[in-house]
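K.L.:
Below you will find the structure I want to go over with you.
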């Protein structure tokens with residue numbers, strides 16, 4: 069290597085437009101992404117909640133961050149163009165609603181250190197108290213409505229100024245006032261800092277305006293984080309987020325289908341149980357559970373005890389309805405806060421059963437457990453049976469209807485309890501599985517699954533898996549089910565790769581809805597993961613087709 073080549077390499081800087089600079093950027097970015105000093109969005113791994121331990125301490129799990137390395141490369145490129153330290157750029161670059169923005173302190177520091185201006189100064193003026201009229205958007209009957217509103221404020225104004233070193237001219241920003249903040253909607257937003265620290269917000273906004281006018285190249289066209297926050301408009305109708313008409317079956321159904329997270333679904337659960345029509349309530353519960361299942365599974369394993377395989381997760385030979393779902397349903401559940409919520413609700417229901425005044429009040433507690441399994445209901449059923457027995461002993465002259473209800477309910481609960489005891493006894497009496505034999509069986513099953521060339525051959529292997537289930541340990545059964553699901557997904561994707569049908573998925577979905585014979589076939593379209601990938605207009609087309617078909621089937 070010549071001295072000239074060595075000098076050329078030593079002067080190489082980071083960048084994106086040539087190979088050497090890009091490779092250097094990646095090497096530096098990889099080092100930074102492994103550091104714990106950079107913000108989380110730049111790290112190679114991120115931490116996510118994984119429930120709580122037996123002492124109530126929060127558990128965390130690490131997941132790979134696919135965006136960490138690329139975010140570091142972009143931050144390096146920005147710091148190189150600005151002549152700033154990469155770590156300083158990372159610490160002051162925020163992502164607000166998908167848009168990058170600077171902290172206000174970074175903007176002021178950039179202006180002061182640019183060398184073009186004197187130190188940034190601010191002029192504050194007290195304008196006294198006044199009443200300001202503003203326009204606010206409210207929601208009535210799920211429609212936006214603009215109303216005029218008067219806000220009483222103590223008004224201040226702020227101007228940021230500095231002396232330009234080259235000309236000696238005094239440069240000033242636009243005048244920022246509290247009245248402007250009210251009219252722009254910054255002041256009246258919920259949780260707005262304009263109400264609690266108005267003078268500081270005036271300085272931040274004035275500095276940002278000054279930089280955007282006199283030094284836009286320093287900000288690279290980005291706003292401050294506070295500006296981006298104030299630009300966010302809450303378009304959630306209050307009628308949908310706070311008050312839901314419990315008798316509006318179609319409205320609640322639409323909210324379930326539009327829910328994007330498990331928290332959104334949980335907010336709707338109480339509204340579902342408030343419906344008076346039992347058939348409508350049961351239908352919405354079924355749809356709610358199907359949508360909730362999409363957010364309750366994950367591919368990540370946690371260092372915790374592995375769950376036992378459930379009977380309903382058997383290969384789809386016994387459950388053909390499972391074949392319609394393109395995603396594997398045999399993933400291991402991660403410990404979440406759902407367990408804690410279940411324990412809290414169970415304790416509350418048991419306590420309410422102890423203080424219930426009538427048998428009807430005790431029996432009504434069962435309606436809160438529709439989404440629970442039989443094993444989860446067992447402690448509550450035991451408490452209810454005990455309380456009903458107390459009513460039968462203590463009440464001298466119960467009415468005929470209450471007596472009949474208590475006896476029938478008690479008989480049903482006793483049958484379920486006996487069934488659970490029998491299942492546990494059968495499991496305890498079952499012979500222990502030989503792990504060596506189980507390991508040999510799972511090896512053969514994996515080979516058969518891997519050799520399956522199409523769905524038909526794979527379904528034949530499903531029968532073999534089911535026949536060998538008593539000889540497999542729970543861990544091996546979970547393992548073979550995951551391999552089976554992955555192979556099935558691969559074969560389905562392979563078929564779709566060579567499929568010559570160019571019909572868009574939305575048109576196929578509408579055709580299936582028009583040919584649907586019951587509500588379940590309509591709901592399958594909304595449960596399909598492809599529904600989430602459609603655009604808003606296409607989703608609206610599917611919803612309209614579903615409402616039309618429901619009217620034809622049920623006349624509502």
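In the working numbering, the protein residues as written are 69 to 624.
Glycine is no exception: its CB is placed at the ideal position from the N, C-alpha and C atoms.
In this text, all values refer to a predicted model and were calculated from it rather than measured experimentally.
Could you pull out every unbroken alpha helix (DSSP H) segment of at least 4 residues lying fully inside the stretch 235-302, listed in chain order?
P.N.:
List check, alpha helix (DSSP H) in window: 246-252, 266-282, 284-287 and 293-299.
K.L.:
When burial is assigned at 16 or more other CB atoms within 10 Å of the CB, is residue 236 buried or exposed?
P.N.:
The residue in question, residue 236, is exposed, as its Cβ has fewer than 16 Cβ neighbours within 10 Å.
K.L.:
In angstroms, rounded to a whole number, what distance separates the CA positions of residue 447 and residue 342?
P.N.:
Going by the C-alpha atoms only, they are around 25 Å apart.
K.L.:
Specify, as a first and last residue, the run of the beta strand (DSSP E) that residue 126 falls within.
P.N.:
From DSSP, the beta strand (DSSP E) with residue 126 extends over 126-132.
K.L.:
Give me the DSSP bridge partner(s) of residue 544.
P.N.:
According to DSSP, which records beta bridges pairwise, residue 544 is partnered with nothing at all.
K.L.:
Whose C-alpha, out of 160, 83 and 101, is nearest the C-alpha of residue 134?
P.N.:
For the residues 160, 83 and 101, the minimum Cα distance to residue 134 belongs to 101.
K.L.:
What is the DSSP secondary structure of residue 610, reduced to helix, strand or coil?
P.N.:
It is helical.
K.L.:
Looking at the secondary structure, which residues open and close the beta strand (DSSP E) in which residue 190 lies?
P.N.:
Segment 189-208, the beta strand (DSSP E) holding residue 190.
K.L.:
Is residue 371 helix, strand or coil by DSSP?
P.N.:
Residue placement at residue 371 is flagged as unreliable, the pLDDT there being 45, under the threshold of 50; the coordinate-derived value follows with that caveat. Residue 371: coil per DSSP, three-state reduction.
K.L.:
For the putative contact between residue 82 and residue 144, defined by C-beta atoms under 8 Å, what is the C-beta separation to the nearest angstrom?
P.N.:
The pair is a contact, with the Cβ atoms about 5 Å apart (cut-off 8 Å).
K.L.:
At which residues does the alpha helix (DSSP H) containing residue 416 begin and terminate?
P.N.:
Unbroken alpha helix (DSSP H) run through residue 416: 406-423.
K.L.:
Closest Cβ-Cβ distance between residue 239 and chain B: below 7 Å?
P.N.:
The structure shown contains no chain B; it is built from a single protein chain.
K.L.:
Enumerate in chain order the residues of its own chain whose CB-to-CB distance from residue 449 is below 7 Å, with the five nearest sequence positions on each side excluded.
P.N.:
Within the same chain, residue 449 has close Cβ partners 481, 484 and 485.
K.L.:
DSSP state of residue 105, grouped into three classes?
P.N.:
The answer is coil: DSSP assigns residue 105 none of H, G, I, E or B.
K.L.:
From the DSSP output, read off the bridge partner residues of residue 172.
P.N.:
Residue 172 is not bridged to any residue.
K.L.:
To the nearest angstrom, report how far apart residue 317 and residue 608 are at their CA atoms.
P.N.:
Rounded to the nearest angstrom, the two C-alpha atoms are 18 Å apart.
K.L.:
With DSSP as the reference, identify every bridge partner of residue 115, one or two as the case may be.
P.N.:
130, per the DSSP bridge assignment.
K.L.:
How about residue 111 and residue 118: do their beta carbons lie closer than 7 Å?
P.N.:
For residue 111 and residue 118, no; Cβs fall outside 7 Å.
K.L.:
Once DSSP output is grouped into helix, strand and coil, what is the label at residue 229?
P.N.:
Reduced to three states, the DSSP call for residue 229 is strand.
K.L.:
Identify the residues that DSSP records as bridge partners of residue 319: which are they?
P.N.:
In DSSP, residue 319 forms no bridge with anything.
K.L.:
Grab me the residues of residue 186's own chain with a C-beta within less than 6 Å of its C-beta, minus the 5 sequence neighbours each way, in chain order.
P.N.:
Excluding residues within five positions, the ones whose Cβ falls inside 6 Å are 230 and 231.
K.L.:
Could you give the residue range of the beta strand (DSSP E) that holds residue 123?
P.N.:
Per DSSP, residue 123 belongs to no beta strand (DSSP E) and is neither H nor E.
K.L.:
Classify residue 454 as helix, strand or coil using the three-state DSSP reduction.
P.N.:
The answer is helix: DSSP assigns residue 454 an H, G or I state.
K.L.:
Rounded to a whole number of angstroms, what is the C-alpha to C-alpha distance between residue 268 and residue 292?
P.N.:
Roughly 14 Å between the two C-alpha positions.
K.L.:
On a CA-only basis, which of 437, 286 and 523 is nearest residue 338? Give me that one, please.
P.N.:
Ranking 437, 286 and 523 by Cα distance to residue 338 puts 437 first.
K.L.:
Provide the residue span of the beta strand (DSSP E) that contains residue 433, from first to last.
P.N.:
Careful: residue 433 lies outside any beta strand (DSSP E) and carries neither H nor E.
K.L.:
By DSSP, does residue 167 sit in helix, in strand, or in coil?
P.N.:
In the structure shown, residue 167 sits in a strand (DSSP, three-state: E or B).
K.L.:
How is the alpha helix (DSSP H) around residue 156 delimited, first residue to last?
P.N.:
Start and end: 154-160.
K.L.:
Counting only the same chain and skipping the five closest in sequence on each side, list residues whose C-beta sits under 8 Å from that of residue 306.
P.N.:
Only weak support is given to the placement of residue 306: the predicted model assigns it a pLDDT of 45, under 50, and the question is left unresolved by the model.
K.L.:
Thinking C-alpha only, which one of 114, 123, 411 and 146 is nearest residue 131?
P.N.:
Of the candidates 114, 123, 411 and 146, the one whose C-alpha sits nearest the C-alpha of residue 131 is 114.
K.L.:
Who are residue 218's beta bridge partners in DSSP?
P.N.:
Note: residue 218 sits in a beta bridge opposite 201.
K.L.:
Please return the same chain residues whose Cβ sits closer than 7 Å to the Cβ of residue 442, not counting the five positions on each side in sequence.
P.N.:
Excluding residues within five positions, the ones whose Cβ falls inside 7 Å are 484 and 488.
K.L.:
Let me know the secondary structure DSSP gives residue 572 once reduced to three states.
P.N.:
If DSSP states are grouped into helix, strand and coil, residue 572 belongs with coil.
K.L.:
Take the Cβ of residue 123 as the centre, count every other Cβ of all protein chains shown within 10 Å, and call the residue buried at 16 or more, exposed below.
P.N.:
Counting Cβ neighbours within 10 Å, residue 123 comes out exposed, since fewer than 16 surround it.
K.L.:
In whole angstroms, what is the alpha-carbon distance linking residue 88 and residue 298?
P.N.:
Taking the straight line joining both Cα atoms gives about 41 Å.
K.L.:
Could you tell me the alpha carbon to alpha carbon distance between residue 555 and residue 506, rounded to whole angstroms?
P.N.:
Spanning the two alpha carbons is a distance of roughly 21 Å.
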